[in-house]
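Asks:
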Amino acid sequence: MKVLLIHPPVRVDHDPLDMPQGLMILASIAIQEGHQTALMDLNSQRPVPTWQDAAKQMAVEKWDVIAVGGLSSMYKDIIKVLKIARKLNPDALIVCGGGFITYMPDKIMKFCPEIDIAGIGEGEELFRDVLRTKEKGGNWANVQGICYRDDDQILFTAPRPLIPNLDTLPLPAYDLIDVEAYFKFSGSLWAGPGMWQSKRRMNMVTERGCPRQCTFCTHNGMNRWDQEMILGKDRVRQMDKEVGFQAVVRFFSPQYVIDHALHLYEKYQIDYLCLMDENNTASPGRMHEFCDLWIKEGLHKKIKLATGGDAPSIKPDLVKHMKEAGFSLIGIGGESGSDRILLGDIGKGVTRAHNQKAIELLQQGGITPSMTFMVGNPTEDINDVLETVDFFIQNRAIVDPFICTPFPGTKIFFDNQDFIFQQYDERLALLAKSPNPNISEEILKKWKDEALQKFLMSLNNATDYSCTVSKKFDYADLLAIKHFMHEQDTDKLLKLAHMRGWEHDKKWDNICPVCKAEKEVSLVISR
């Protein structure tokens, strides 16, 4: 069969940074299965190709299978790709996967009639089964973990368990993309001191899932908590009995990662590698083993390293070993300087003290810490914002916070769906204020589906505003607060609080220009 995998554009206002390694692994699987395989990467160039150019590329062959994957933030471009693919290949099997479809496959398939099969969660063995089943005539009911069309029906099959051993997966098919195009832009990848001379930088993911349960985060159906969100706890426990425990977090083995890195060094001469894992330090034993192997292979003298870490797991012995292996930067999701938000709204199980200790240990060990933060959590108020800015000032950090965005699949999305939809449909907003029993459930469902489509079309970078889950701030407030946080302008934040009638704690009185002015004026009057 002729198999085409398509990578839609990602964050077109930024340089293209991440090679589509997920699709590249699927391509390797298609090649293993003996198929003529191509990968059309619409993201590697800036400006991105026009849709006319994309159609010309797609039209060079008549494809039997077309696979498209991506995140919810890519939805508006994915649907354009699908329309072109179907028009040019009316008889092709179109398969979609990734975060944009995993959490609501039946809805997305109704919105996008071009899709024949939706893959739910982890895609590698699923894609292998789809290819084999297509060759045998397409009895989709026996393929685990998919949603498929059967005439006018959209049907679900039995759930697919997580891959127990990630080392069984092939390396990505780097030969199918323009690797040099990504190296051209790789200077934009985040890097610590001493890394600026690196010219051939690359990202790699070596972890699936996460030991934390942050409400704003999702893992595309690839860990236990995602499965529980999609299937329910009882079904996941049943899967534990049937096929083994469905893990919260899984890693490629250190040796697999070393072999992958050696391949990249020998074939592409990479000189920088960022392990884009959220919590690589959360498994200290594995990280120690990785550092030992990395040093043994002499890679610490050839490739500079960075990764992501988990604040409570940052310990002096681990920092020392990682420094010896060549790590010079570790990124951590700081999220907020307020314990109330960290433990409540976000549910991270990490405190401000954990974050502060991690920064100090990394700095003492010679590794640069990098932290990301957000604003606009559901109950976050001006005091929480000020706590976060205070954390920036205390650590002399320059931070441009993200706006908390309820991406599909996250807890904050499921908890706030009606509030989100009201921001995209004034009819729903009016009914929230004044319920009307004369509006039927069928009409309400139609309006909510229309609002969902508008919401998906609006999603882009988390740095951009799409909608809010904040119960304290409207969208204008959030844009202003985000700017003042970046500028660390507590004066304007406190003035804004007085303008909007947001009460702030007394602990901020001594730095609040309005409170200080009121106090001074009252002292003059009382003399």
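Numbering (my numbering) for the sequence shown: -12 to 514. Quick reminder that beta carbons are idealized off the backbone N, C-alpha and C, glycines included. Predicted, not measured: the structure shown is a model, and the values here were computed from it.
Looking only at its own chain, which residues have a Cβ that is under 7 Å from the Cβ of VAL244, when we skip the five neighbours before and after it?
Replies: Here residue 244 refers to the residue found at position 257 when the sequence shown is read from its first residue. Same-chain partners within the cutoff: THR193, PHE277.
Asks: Between the C-alpha atoms of MET189 and ALA160, what's the straight-line distance to the nearest angstrom?
Replies: What you label residue 189 is simply residue 202 of the sequence shown in a count that begins at 1. What you label residue 160 is simply residue 173 of the sequence shown in a count that begins at 1. Going from the Cα of MET189 to the Cα of ALA160 covers about 15 Å.
Asks: What is the C-beta distance between PRO422 and ILE407, in whole angstroms, given that I count them as a contact (C-beta under 8 Å)?
Replies: The residue you call residue 422 lines up with position 435 of the sequence shown. The residue you call residue 407 lines up with position 420 of the sequence shown. PRO422 to ILE407, Cβ: 18 Å. No contact.
Asks: For the pair the segment 94 to 113 and the segment 72 to 85, tell me if three or more CB-CB distances fall below 8 Å.
Replies: Result yes; three or more Cβ-Cβ pairs closer than 8 Å.
Asks: Pick from MET(-12), VAL117, LEU446: whose alpha carbon is nearest that of PRO395?
Replies: For the purposes of this step, residue 395 is taken as residue 408 along the sequence shown, with counting starting at 1. For the residues MET(-12), VAL117, LEU446, the minimum Cα distance to PRO395 belongs to LEU446.
Asks: Taking the alpha-carbon positions, what's the GLU322 to ASN266 distance?
Replies: In the sequence shown, residue 322 corresponds to position 335, counting from 1. In the sequence shown, residue 266 corresponds to position 279, counting from 1. Whole-angstrom Cα-Cα distance: 14 Å.
Asks: Please name the residue or residues paired with ARG237 in a DSSP beta bridge.
Replies: Sequence index remark: in the sequence shown, residue 237 carries index 250 (1-based). Looking at the DSSP assignment, ARG237 forms a beta bridge with ARG195.
Asks: Please list the segments of the beta strand (DSSP E) lying wholly inside the segment 55 to 102, counting only runs of 3 or more residues, in order along the chain.
Replies: Whole beta strand (DSSP E) segments, 3+ residues: 80 to 84.
Asks: Would you call MET226 buried or exposed, if buried means 16 or more other Cβ atoms sit within 10 Å of its Cβ?
Replies: As a first step, residue 226 must be located in the sequence shown, where it is residue number 239. By the neighbour-count rule (16 or more Cβ atoms within 10 Å), MET226 is buried.
Asks: To which residues of the same chain is GLN200 closer than 7 Å at the C-beta, ignoring the five residues directly before and after it?
Replies: Mapped onto the sequence shown, residue 200 falls at position 213. The residues are TRP212, GLY334.
Asks: How many Å lie between TRP50 and ILE16 at the Cα?
Replies: In the sequence shown, the residue the question calls residue 50 occupies position 63. In the sequence shown, the residue the question calls residue 16 occupies position 29. Rounded to whole angstroms, TRP50 to ILE16 spans 17 Å at the Cα level.
Asks: Can you check which of these residues, PRO(-4), PHE114, GLY196, MET91, is closest to LYS63 by C-alpha distance?
Replies: Taking the sequence shown and counting its residues from 1, one reaches residue 63 at position 76. The candidate whose alpha carbon is nearest that of LYS63 is PRO(-4).
Asks: Whole angstroms are fine: how far does the CA of SER31 sit from the CA of ALA168?
Replies: Taking the sequence shown and counting its residues from 1, one reaches residue 168 at position 181. Taking the sequence shown and counting its residues from 1, one reaches residue 31 at position 44. Between ALA168 and SER31, the C-alpha separation is close to 6 Å.
Asks: May I have a chain-ordered list of the alpha helix (DSSP H) segments no shorter than 4 residues that lie completely inside the segment 210 to 279?
Replies: Those alpha helix (DSSP H) runs which fall completely within the segment 210 to 279 and span 4+ residues are 211 to 218, 220 to 230, 241 to 255.
Asks: At what residue ranges does the segment 352 to 407 contain a whole run of the beta strand (DSSP E), taking only runs of 3 or more?
Replies: 355 to 362, all fully within the segment 352 to 407.
Asks: Is there contact here, the segment 291 to 305 with the segment 251 to 263, by at least three beta-carbon pairs under 8 Å?
Replies: Yes: at least three Cβ pairs fall under 8 Å.
Asks: For CYS499, which three-state DSSP category applies?
Replies: Along the sequence shown, one-based indexing puts residue 499 at 512. Here CYS499 sits in coil by DSSP.
Asks: Taking the C-alpha atoms as reference points, what is the distance between SER59 and THR144?
Replies: Along the sequence shown, one-based indexing puts residue 59 at 72. Along the sequence shown, one-based indexing puts residue 144 at 157. Going by the C-alpha atoms only, they are around 23 Å apart.
Asks: Counting pairs of Cβ atoms below 8 Å between the segment 361 to 376 and the segment 323 to 333, do you hit three or more?
Replies: Contact holds: three or more Cβ-Cβ distances are below 8 Å.
Asks: According to the neighbour-count rule (16 or more other Cβ atoms, all chains shown, within 10 Å of its Cβ), is THR155 buried or exposed?
Replies: On the sequence shown, residue 155 is found 168 positions in, with the first residue counted as 1. Exposed, since its Cβ has fewer than 16 Cβ neighbours within 10 Å.
Asks: Do you know offhand how far ASP476's Cα is from GLN350's?
Replies: Here the question's residue 476 lines up with position 489 in the sequence shown. Here the question's residue 350 lines up with position 363 in the sequence shown. About 26 Å.
Asks: Across the segment 487 to 505 and the segment 426 to 442, are there enough close Cβ pairs to call them in contact, namely three or more that are closer than 8 Å?
Replies: Counting Cβ pairs under 8 Å, fewer than three are found: no touch.
Asks: Among LEU305, ALA298, VAL306, ALA312, which residue has its Cα nearest to the Cα of GLY285?
Replies: Translated into positions along the sequence shown, residue 285 becomes position 298. Cα-wise, what sits closest to GLY285 is ALA312.
Asks: Excluding five sequence neighbours on each side, which residues of the same chain lie with their C-beta closer than 6 Å to the C-beta of LEU163?
Replies: Here residue 163 refers to the residue found at position 176 of the sequence shown. ALA14, LEU26.
Asks: I'd like the span of the beta strand (DSSP E) that includes ARG136, first residue to last.
Replies: On the sequence shown, position 149 is the one that residue 136 refers to. Start and end: 133 to 137.
Asks: Using alpha carbons as the reference points, say which of ASP405, VAL501, LEU443 lies closest to ILE88.
Replies: Indexing the sequence shown from 1 puts residue 88 at position 101. Of the candidates ASP405, VAL501, LEU443, the one whose C-alpha sits nearest the C-alpha of ILE88 is LEU443.
Asks: Would you report the Cα separation of LYS482 and TYR452, rounded to the nearest angstrom?
Replies: By one-based count along the sequence shown, residue 482 stands at place 495. By one-based count along the sequence shown, residue 452 stands at place 465. About 23 Å.
Asks: If you drop the 5 nearest sequence neighbours on each side, which residues of the same chain put their C-beta closer than 6 Å to that of LEU69?
Replies: Counting from one through the sequence shown, the residue named residue 69 turns up at place 82. So the qualifying residues of the chain are CYS99, GLU101.
Asks: Name, in chain order, the residues that DSSP records as bridge partners for ILE141.
Replies: Position 154 of the sequence shown, counting from 1, holds the residue named residue 141. Partner(s): ARG136.
Asks: In angstroms with no decimal places, state the Cα-to-Cα distance between LEU218 and HIS206.
Replies: The residue given as residue 218 occupies position 231 in the sequence shown. The residue given as residue 206 occupies position 219 in the sequence shown. Roughly 15 Å separates the two Cα atoms.
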